[in-house]
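Presented below is the structure to which this report refers.
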Ligand code: SF4
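In the UniProt record's numbering, the protein residues as written are 1 to 216.
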């Protein structure tokens with residue numbers, strides 16, 4: 001690491017610059033998934049594995065006319081749910097998990113989505129990233145979900161050297177204030193999708209060349 005990068009890495013100036021520039025680039029920080037309540041968000045996030053937000057929104061536009069709470073999914077049944085989401089990858093396992101989730105929510109949580117990280121992780125098909133999204137986006141509580149874009153960008157910007165999304169999330173939580181976590185999550189995703197792409201990033205318009213630690 002050169003002297004300049006080392007200096008930036010030990011000052012809060014770096015994190016302030018990243019937060020400020022991302023806010024300028026992406027003033028509106030919100031998920032691109034459509035939903036009206038925490039349960040619909042949970043359904044949308046489960047559906048989004050290996051699918052784009054646009055594909056999921058296309059499916060949920062119709063699905064959410066009928067599905068507003070777990071009971072609606074149980075009334076629909078796994079076969080019809082599979083049929084409605086069949087344009088998405090892994091649709092059979094997603095349908096199976098969603099029906100199991102709806103059963104558990106009805107049986108153990110009075111049809112409500114729990115707002116606890118530990119409880120969410122008990123649901124089938126719900127991993128740490130999904131749980132953090134539900135907590136942060138669905139319940140507006142401090143959470144820093146790390147998806148593939150946040151993982152890549154955080155490492156390229158030298159915000160974390162960790163090798164798993166969960167560890168990167170812990171690092172990001174240490175260097176940014178809790179009130180900024182969820183907005184930064186959205187903005188790092190936008191930055192990763194539109195500028196710091198996995199392949200052929202648009203480095204010519206990147207506001208952070210001095211921080212970049214991308215290996216060639
Ligand atoms: S310079 Fe390029 S690779 Fe590095 S952070 Fe910016 S966009 Fe990403």
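Yeah, the Cβ is synthetic: ideal placement off N, Cα and C, and Gly gets one too. All values reported here derive from a predicted model rather than from experimental measurement.
Rounded separation between residue i and residue j - CA only
i	j	result
residue 132	residue 56	19 Å
residue 36	residue 150	25 Å
residue 66	residue 164	37 Å
residue 212	residue 196	10 Å
residue 76	residue 147	30 Å
residue 72	residue 113	14 Å
residue 154	residue 12	15 Å
residue 118	residue 168	19 Å
residue 54	residue 101	23 Å
residue 78	residue 98	8 Å
residue 138	residue 186	13 Å
residue 95	residue 68	16 Å
residue 19	residue 184	7 Å
residue 80	residue 59	13 Å
residue 204	residue 144	28 Å
Local Cβ density within 10 Å of residue i, reported as buried at 16 or more and exposed below that
i	result
residue 178	exposed
residue 40	buried
residue 188	buried
residue 129	buried
residue 28	exposed
residue 192	buried
residue 121	exposed
residue 70	buried
residue 83	exposed
residue 15	buried
residue 52	exposed
residue 182	buried
Residue i Cβ short of 6 Å to the ligand SF4 heavy atom set
i	result
residue 214	yes
residue 64	no
residue 96	no
residue 195	yes
residue 156	yes
residue 208	yes
residue 201	yes
Residue-level contact to chain C via CB, residue i, 7 Å cutoff
i	result
residue 185	Among the chains of the structure shown, chain C does not appear; only one protein chain is present.
Requested in this report: Only counting runs of 4 or more residues, tell me where the alpha helix (DSSP H) segments fall wholly within the UniProt domain "HhH-GPD" (47-194), in order along the chain.
Outcome: For the UniProt domain "HhH-GPD" (47-194), the continuous alpha helix (DSSP H) assignments of 4+ residues that do not extend past its boundaries occur at 53-66, 70-76, 78-84, 91-108, 117-121, 128-133, 148-156, 165-175, 181-194, in sequence order.
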